[in-house]
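Presented below is the structure to which this report refers.
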Amino acid sequence: MAIIALVSAKGSPGVTTSALACALAWHRRLVIAECDPAGGSILAGYLGGQLDGPRGIGELAVGELRDGNLETAFWSQLVDLDAPRRERLLLPGLVDPTQSGSVTPLWQRFADYFDALDRGTPGYDVLVDCGRLHVTGPPWPVLRAASVVLLVTRAHLPDLSGTRAVVTAMERDFAEHRVPPGTLRLLLVGDGHGRAEISRALKLPVIARLPHDPRTAGVLALGGTVRAGRPLMRAAAALEVPIGALLERRRARLAWPVQQGVPDAV
């Protein structure tokens, strides 16, 4: 089990739509956590605001700052997207972005807790929607704790120009904090330049491309029936395979015995 984070450089390339599509299409038992400091949208959008009472990461943050009760309060703040199976659970994001001041000091606490969810019974992966990187109080500790970070970008020149600067910033930060190499990957959304061309330009592997599918994106944003056969959902389901391969390689690398006095391979 692992933390899998999605983040973007700027604009609205579809981080939340991509994360939700993966959460609904993958076979992994997971929690999708909205950790965008600018606010969450799944509760009001895809779920149509149908829940009674406040719920989500904002409530967790207030309770943690007041009582330190994250372990006991966490599961009560989740929404079952596949009730009653409890295999796809949502931790809703902030309703009011002004609440981000309560969450920002707790990003490391949340990162540590997410990382430990695989040791529960049952264990869960955590798929984290981190929103845009260039906001006040971005969830850097969650990104550093992730086994895989997907930098979501559209494949047109203006978007790629902003993404290039974010790639540089993230690689510098990951190196400073000893994040294992190979954590960061590009996830392309929609039409535009080719995968190989983008990978060469940004010097970063492209893990997959999600197609332009406005009908499905509209359902994921505003609610309705998600159809597994639609292009976006098929591509999101297929993304589970390379993600799983990355996770297996990371587990193998971390489990490889290191000889005394021999530096780790990179």
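When we follow this note's numbering, the leftmost residue of the sequence shown carries the number 867, and every step to the right adds one.
Glycine residues also receive a C-beta, built at the ideal position from the N, C-alpha and C atoms.
* Asked: Does the beta-carbon of residue 1033 have 16 or more other beta-carbons within 10 angstroms, so that it is buried, or is it exposed?
  -> buried
- Task: With distances taken Cα to Cα, identify the nearest neighbour of residue 899 among 1051, 993, 1092 and 1077.
- Result: 993
Note to self: In whole angstroms, give me the CA-to-CA distance for residue 1084 and residue 1121.
What the structure shows: 42 Å
Rounded to a whole number of angstroms, what is the C-alpha to C-alpha distance between residue 979 and residue 1017?
23 Å
Residue 1092 by DSSP, collapsed to three states: which one? coil
Quiz prompt | Contact under 9 Å by Cβ, residue 904 with residue 963 | solution = yes
- Is it true that the stretch 1039-1052 meets the stretch 1064-1080, where meeting means three or more beta-carbon pairs spaced less than 8 Å apart? yes
query: What number of angstroms, rounded off, separates the C-alpha of residue 987 from the C-alpha of residue 896?
result: 13 Å
| field | Reduced DSSP secondary structure (H/G/I, E/B, other) of residue 953 | value | coil
*Pick out the complete beta strand (DSSP E) segments inside the stretch 899-978, 3 residues or longer, and give them in chain order.*
Correct list: 954-957.
Q. For residue 1020, which residues from the same chain have a beta carbon less than 7 Å from its beta carbon, with the 5 sequence-adjacent residues on both sides left out?
A. 879, 1055, 1056 and 1058
query = Pick from 976, 1112 and 1117: whose alpha carbon is nearest that of residue 939?
reply = 976
- Message: Here's a check: name, in chain order, each residue in its chain whose Cβ is nearer than 6 Å to the Cβ of residue 1103, leaving out the five neighbours to either side.
- Response: The residues are 891.
So, is residue 948 buried or exposed, given that buried needs 16 or more other C-beta atoms within 10 angstroms?
A residue is called buried when at least 16 other Cβ atoms come within 10 angstroms of its Cβ; residue 948 does not meet this threshold and is exposed.
Original post:
Is residue 1028 near residue 873, with beta carbons less than 9 Å apart?
Top reply: The answer is no: Cβ separation not under 9 Å.
What runs of the beta strand (DSSP E), each 3 residues or longer, lie entirely inside the stretch 993-1027?
With a minimum length of 3 residues, the continuous beta strand (DSSP E) runs that stay inside the stretch 993-1027 are 1014-1021.
(message) Classify residue 941: buried if its beta carbon has 16 or more other beta carbons within 10 angstroms, exposed otherwise.
(response) Residue 941 comes out exposed.
* To do: Give the DSSP-derived three-state secondary structure of residue 1053 in the structure shown.
  => strand
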